[in-house]
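Written below as structure tokens is the structure these notes are about.
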Amino acid sequence: MGLSKSKGRRFPLLPLRGLLVYPSMVLHLDVGREKSVKALEKAMVEDNLILLCSQSEVNIEEPTQEDIFRIGTVANVRQMLKLPNGTIRVLVEGMERAEIIQYTDNEEYYEVVARELPEKESDDPEVDALMRTVLSQFEHYINLSKKVTPETLAAVSDIEEPGRLADVITSHLSLKIKDKQEILETIDVGKRLEKLLDILNNEREVLELERKINQRVKKQMEKTQKEYYLREQMKAIQKELGEKEGRAGEVEELRESMSKQEFPEKVQEKIEKEIDRLEKMPASSAEGGVIRNYLDWLLALPWSNRTEDDLDIKKAEEILNEDHYS
Numbered sequence: 001m002g003l004s005k006s007k008g009r010r011f012p013l014l015p016l017r018g019l020l021v022y023p024s025m026v027l028h029l030d031v032g033r034e035k036s037v038k039a040l041e042k043a044m045v046e047d048n049l050i051l052l053c054s055q056s057e058v059n060i061e062e063p064t065q066e067d068i069f070r071i072g073t074v075a076n077v078r079q080m081l082k083l084p085n086g087t088i089r090v091l092v093e094g095m096e097r098a099e100i101i102q103y104t105d106n107e108e109y110y111e112v113v114a115r116e117l118p119e120k121e122s123d124d125p126e127v128d129a130l131m132r133t134v135l136s137q138f139e140h141y142i143n144l145s146k147k148v149t150p151e152t153l154a155a156v157s158d159i160e161e162p163g164r165l166a167d168v169i170t171s172h173l174s175l176k177i178k179d180k181q182e183i184l185e186t187i188d189v190g191k192r193l194e195k196l197l198d199i200l201n202n203e204r205e206v207l208e209l210e211r212k213i214n215q216r217v218k219k220q221m222e223k224t225q226k227e228y229y230l231r232e233q234m235k236a237i238q239k240e241l242g243e244k245e246g247r248a249g250e251v252e253e254l255r256e257s258m259s260k261q262e263f264p265e266k267v268q269e270k271i272e273k274e275i276d277r278l279e280k281m282p283a284s285s286a287e288g289g290v291i292r293n294y295l296d297w298l299l300a301l302p303w304s305n306r307t308e309d310d311l312d313i314k315k316a317e318e319i320l321n322e323d324h325y326s
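FYI, full-length UniProt numbering numbers position 76 of the sequence shown as 76, with every residue one higher than the one before it.
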């Protein structure tokens with residue numbers, strides 16, 4: 001590519017919003033900002049090479065140097081198509097990592113001088129162990145997330161280069177741009193795999209927690225739906241048997257009677273519990289009759305009535321004698 005490791009070379013720059021491209025990635029981009037379109041046009045009339053760097057904030061329309069990550073990916077523009085709405089759709093292929101060392105004065109489009117960042121490879125057996133561990137954790141991630149197809153795992157498993165393995169797996173994870181950028185900026189492949197392993201472990205823990213929460217919510221919803229279904233089914237059966245007026249009317253009458261009185265807390269809880277039991281019983285149930293009698297008795301007691309105590313012993317004696325000798 002002729003990219004100097006020290007002095008670097010000029011590139012038109014395409015700032016990306018909410019997206020990051022790794023070496024070896026091939027994808028379509030839709031480009032609409034004027035400076036970005038002109039940068040693509042410049043690349044197409046020269047050697048088709050452009051530097052892709054992500055913005056730190058997606059909502060910035062005209063980014064400055066401070067808004068763009070300094071390390072990005074040199075890409076080959078393989079195809080460019082102008083859409084009816086004026087947007088440019090391009091097919092790009094990531095080639096290699098590069099670091100911006102200077103911005104040049106250009107008002108029409110972003111232009112930079114960038115230098116190559118070759119990977120620091122290692123023959124350490126630990127790297128092979130890391131690759132196997134990363135693949136294993138990625139498989140767990142796929143099983144939990146359901147967002148990545150099993151075919152992706154099969155394709156990734158065939159990758160032999162540790163650095164490329166880390167890049168490809170990271171590209172399939174739902175991560176924040178700053179986390180993906182951290183992987184891009186890690187030149188040492190061993191350290192890159194270690195960082196990816198930490199990310200995969202964290203993602204797995206979050207996904208497992210989400211699954212537990214979803215299962216708990218689903219179980220509660222199923223219980224609620226089951227109870228509702230059973231109540232509706234009971235009403236339908238009662239209606240079919242001509243019992244709706246009987247039991248349903250009883251329950252409504254009892255609840256209305258209960259609402260007109262005040263009860264001690266424990267007594268009210270007991271009455272409500274017995275009414276619920278009665279509601280679930282057929283009108284012809286003998287036990288239902290016992291419960292109804294018990295409820296009538298509870299509701300008839302003067303729980304909220306108060307009388308003044310008469311402690312006149314002489315008067316009490318007269319009443320007792322009158323009752324005794326009459």
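Glycine included, every Cβ here is placed at the ideal spot set by N, Cα and C.
Asked, Found
"Alpha helix (DSSP H) runs wholly inside the segment 207-242, at least 4 long, in chain order", "none"
"Inter-residue Cα distance where the pair is Pro150 and Ile275", "55 Å"
"Euclidean distance between Cα positions of Pro23 and Pro12", "17 Å"
"Check whether Thr87 and Gly18 have beta carbons under 8 Å apart", "no"
"Member of Ala114, Leu51, Gln137, Glu318 whose CA lies at the smallest distance from the CA of Lys7", "Ala114"
"Alpha carbon of Tyr228 to alpha carbon of Met221, nearest angstrom", "10 Å"
"Extent of the continuous alpha helix (DSSP H) to which Arg255 belongs", "249-259"
"Backbone secondary structure at Asp105 - three-state DSSP", "coil"
"Run of the beta strand (DSSP E) containing Pro15, from where it starts to where it stops", "9-16"
"Under the three-state DSSP convention, the category Thr186 falls into", "coil"
"Reduced DSSP secondary structure (H/G/I, E/B, other) of Lys244", "For Lys244, the predicted structure reports a pLDDT of 47, less than 50, and the residue's modelled location is therefore unreliable. A value from the coordinates is still provided. Note: Lys244 maps to helix in three-state DSSP."
"Minimum length 3: unbroken beta strand (DSSP E) runs contained in the segment 105-146", "111-116"
"Test item: CB-CB of residue 328 and Ser54 under 8 Å", "Only positions 1 to 326 of the chain appear in the structure, and residue 328 is not among them; the question remains open."
"Per DSSP, the bridge partner or partners of Glu96", "Val74"
"Contact between the segment 97-106 and the segment 70-86 (3+ Cβ pairs under 8 Å)", "yes"
"Range of the contiguous beta strand (DSSP E) that encloses Ile60", "First-last for Ile60: undefined, no H or E at that position."
"Separation of Lys280 from Lys244, as counted between CA atoms", "Per-residue confidence for Lys244 stands at a pLDDT of 47, beneath the threshold of 50, marking its modelled position as unreliable; the derived number appears in the next sentence. Rounded to whole angstroms, Lys244 to Lys280 spans 12 Å at the Cα level."
"Coil, strand or helix - Leu298 by DSSP", "helix"
"Residue(s) in a DSSP beta bridge with Arg89", "Asp30, Leu81"
"Distance between Glu119 and Val189 (C-alpha atoms, nearest Å)", "7 Å"
"Proximity below 8 Å, CB of Gln137 to CB of Asn201", "yes"
"Spatial neighbours of Lys147 in its chain, beta-carbon cut-off 8 Å, leaving aside the 5 residues before and after", "Ser174"
"Ile313 classed as buried or exposed, judged by whether at least 16 other C-beta atoms fall within 10 angstroms", "exposed"
"Helix, strand or coil at Ile278 [DSSP, three-state]", "The residue you asked about is not Ile; residue 278 is Leu in the sequence shown. In this structure, Leu278 counts as helix in the three-state DSSP scheme."
"Where the alpha helix (DSSP H) containing Ser54 begins and where it ends", "Here Ser54 belongs to no alpha helix (DSSP H); instead the beta strand (DSSP E) covers 49-54."
"Unbroken alpha helix (DSSP H) run spanning Glu151, endpoints", "150-157"
"Nearest residue (CA-CA) to Val45, options Ile60, Met80, Glu61", "Met80"
"Euclidean distance between Cα positions of Arg292 and Leu278", "7 Å"
"Candidates Tyr141, Lys235, Asp158, Leu295: closest to His172 by CA position", "Tyr141"
"Residue range of the unbroken alpha helix (DSSP H) whose run includes Val21", "Premise fails: Val21 is in no alpha helix (DSSP H) and is neither H nor E."
"Anticipated Cβ contact below 8 Å, Asn76 with Asn48, distance rounded", "5 Å"
"Cβ contact (3+ pairs, closer than 8 Å) linking the segment 295-305 and the segment 247-266", "yes"
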